[in-house]
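Take a look at the structure set out below.
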Amino acid sequence: MNVFFVNASIFLKVIEKLLFKKIQRHEKQKTLIEMQLNSIRNMVSKVLSDDEISASEFEKITSQMTKTYRKFEEVNLEIDKILPKKSESFL
1 MNVFFVNASI FLKVIEKLLF KKIQRHEKQK TLIEMQLNSI RNMVSKVLSD DEISASEFEK
61 ITSQMTKTYR KFEEVNLEID KILPKKSESF L
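The opening residue of the sequence shown carries number 1 in the numbering used here; numbering runs sequentially from there.
Here is the structure:
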């Protein structure tokens, strides 16, 4: 019985470390995405204050939005791999 608790404890510690690393990585990705969104907001604000948008400004904004959306989708796919679907249970 004692061996079971020792093995369970070791197993849980390993799982905890793996999850903590994944959480840290996702926090970094979240911060990166937030920075990209702020960059897009700043570019759009500049365009709105000028009441004019050049082709290069438009290209920069759409390019940045595409990169941010792709990164967001990558993060969501990784989360879907880790977390069970709503219909699945832990047991």
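Just so it is clear, CB atoms sit at the ideal spot from N, CA and C, and this is done for glycine as well.
As the structure is a prediction and not an experimental result, all values here were calculated from the model.
- Within its own chain, the residues whose Cβ lies closer than 7 Å to the Cβ of residue 37, once the five positions on either side in sequence are excluded, are 68, listed in chain order.
- Distance from the CA of residue 47 to the CA of residue 57, rounded to the nearest whole angstrom, comes to 8 Å.
- DSSP, reduced to helix, strand and coil, places residue 34 within a helical segment of the structure shown.
- Taken atom to atom, the span from the alpha-carbon of residue 34 to that of residue 63 is near 16 Å.
- Setting aside the 5 residues that flank it on each side, residue 65 is surrounded in the same chain by 40, each with a C-beta closer than 8 Å to its C-beta; the list follows chain order.
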